[in-house]
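Undergrad: Residues in the sequence shown are numbered from 952 upward in steps of one, following the numbering used here. The structure's right below; bear with me while I get my questions together.
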Amino acid sequence: MTWLSGVFLVMLIIVPLLSWWSARKHSVDVVDQLRQRRLQFYALSALTQWTLTGLGVLVIWHDGQTVADIGLHPWRSWMATVSLGLRLTAVLAAIMGAILWLQRKRHWLETHILMAILPGTRTEKGAFVALAATAGFCEEMLYRGFVITRLLRVTDHTPSAVIMAVIVFSLGHGYQGLIGLWRAGLLGAVLAVTFVLTGSLVPGMISHFLFDALAGCWGRKLLGNQGFHTTEREG
């Protein structure tokens, strides 16, 4: 692994840690601001992810590789790739459905910041779907394609590389609280194992996008208001 890959890998590890740390500092005022400025938050999140992905591609090229070398290619055929992506989406939905059932049974609440950024109006839902597409592409490129392949060069041990990549990805969802950490960890584990077994990022990109889009658009109906006051109505 080149020094530039190492620096970028450290950056991808630090960013989730900062997310986890900052989530502990959110005040009521910050949550209210996020609720009122969702579109700006979505735009900033998308810009950040595309910037990191662009930097990652430059690092890959610097290492003498192409994006295909880290998994950006279909699995077997496009039909097989889409089919696997849809099946993965069903698996993720089943897992998250079980988590939601457990949340209701145990009365575990989501963080206020997660509830604040869920889309409410049709415009916000449209923007969130675009953000979901960004996350599906960029996060798979970064936290599966780049992180796992670089960690494999360091550890030469696939299970260790996968576990470390899952932990890093999970910490990036620290603002969602303990439930969010486990939820992201399970999602990340399924997608990481799929990538390792198939060598392709595309099935995971499809399922990641569909899962995030559905979770965002249906999140309020599934989760309710989680015990804090809101005057918003879905549009």
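Quick reminder that beta carbons are idealized off the backbone N, C-alpha and C, glycines included.
Whole angstroms are fine: how far does the CA of Leu1152 sit from the CA of Glu1091?
TA: 6 Å
Undergrad: Tell me, to the nearest whole angstrom, how far the beta carbon of Leu1102 is from that of Ala1116; I am working on the premise that it is less than 8 Å.
TA: 6 Å
Undergrad: Tell me which same chain residues have a C-beta within less than 8 Å of the C-beta of Leu1142, skipping the five on either side of it?
TA: Leu1039, Glu1091, Arg1095, Gly1155, Ser1158, His1159
Undergrad: Could you tell me the alpha carbon to alpha carbon distance between Val1008 and Leu1093, rounded to whole angstroms?
TA: For the pair Val1008 and Leu1093, the Cα-to-Cα distance works out to about 9 Å.
Undergrad: Answer yes if the stretch 1130-1139 comes into contact with the stretch 995-1007, meaning at least three C-beta pairs across the two stretches below 8 Å, and no otherwise.
TA: no
Undergrad: Exposed or buried, which one is Gln991 when buried takes at least 16 other CB atoms within 10 Å?
TA: Per the 10 Å Cβ criterion, exposed.
Undergrad: CB Gly1043 to CB Phe1146, shorter than 8 Å?
TA: Strictly speaking, residue 1043 in this sequence is Leu, with Gly absent from that position. Cβ distance not < 8 Å, so Leu1043 and Phe1146 don't count as in contact.
Undergrad: How close, in whole Å, do the beta carbons of Leu955 and Val1010 come, if the pair is a contact with beta carbons under 8 Å?
TA: 5 Å
Undergrad: What residue does the alpha helix (DSSP H) around Met1092 start on, and which one ends it?
TA: Note, Met1092: premise wrong, no alpha helix (DSSP H); not H, not E.
Undergrad: Quick one: what does DSSP say Glu1061 is sitting in, helix, strand or coil?
TA: coil
Undergrad: Cα separation between His1024 and Ala1067?
TA: 36 Å
Undergrad: Label Pro1070 either buried or exposed according to how many other C-beta atoms from any shown protein chain fall within 10 Å of its C-beta, with 16 as the threshold for buried.
TA: By the neighbour-count rule (16 or more Cβ atoms within 10 Å), Pro1070 is buried.
Undergrad: Give, in chain order, every unbroken run of the alpha helix (DSSP H) that is at least 4 residues long and sits entirely within the stretch 1007-1061.
TA: 1029-1057
Undergrad: Measure the alpha-carbon distance for Ala1086 versus Met1030 and round it to whole angstroms.
TA: 22 Å
Undergrad: Checking 8 Å against the spacing of the C-beta atoms, do Phe1079 and Cys1168 come in under that value?
TA: yes
Undergrad: Around the Cβ of Lys1076, are there at least 16 other Cβ atoms within 10 angstroms (buried) or fewer (exposed)?
TA: buried
Undergrad: Give me the Cα-Cα distance between Thr1032 and Val1018, rounded to the nearest whole angstrom.
TA: 17 Å
Undergrad: State the DSSP-derived secondary structure class of His1124, mapped to helix, strand or coil.
TA: coil
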